[in-house]
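Single-structure report; data block below.
In my numbering, the protein residues as written are 810 to 915.
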């Protein structure tokens, strides 16, 4: 199973609306929403999480959706994750494997 967070650009809310800056992503400097997806070994979609504001960290989105609690109750499920979930790899070392991306490496 693999877990990944995807940011999707959305239209900018109208001026003078409350929460206009809530969707501005620090990574992309654009208005975005974030979705967490889980796929099996063949790349088939298993679960698409809730739509979250773009500034929310990948790991925070997984925690608020209750995925970490599921990892505790089902320790046999293994997941490959990207660098946004390395904190989960430290918390669940036998269930979560991630590749550390270092600056300057390919």
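Glycine included, C-beta positions come from ideal geometry on N, C-alpha and C.
Neighbour-count burial assignment, residue i, 16 or more Cβ in a 10 Å radius
i: residue 870; result: buried
i: residue 821; result: exposed
i: residue 913; result: Summary for residue 913: the model assigns pLDDT 43, below 50, so the residue's position carries little reliability; its value from the coordinates is reported in the next sentence. Classification for residue 913: exposed.
Spatial distance of residue i from residue j (CA atoms)
i: residue 888; j: residue 825; result: 43 Å
i: residue 906; j: residue 850; result: 14 Å
i: residue 831; j: residue 862; result: 7 Å
i: residue 827; j: residue 868; result: 26 Å
Inter-residue CB distance, residue i and residue j (contact presumed, cutoff 8 Å)
i: residue 886; j: residue 904; result: 6 Å
i: residue 874; j: residue 858; result: 5 Å
Beta-carbon contacts of residue i that lie in its chain and below 6 Å, excluding the five residues immediately before and after
i: residue 836; result: none
Determine, using beta-carbon pairs with one atom in the segment 815-830 and one in the segment 838-854, whether at least three such pairs fall under 8 Å. yes
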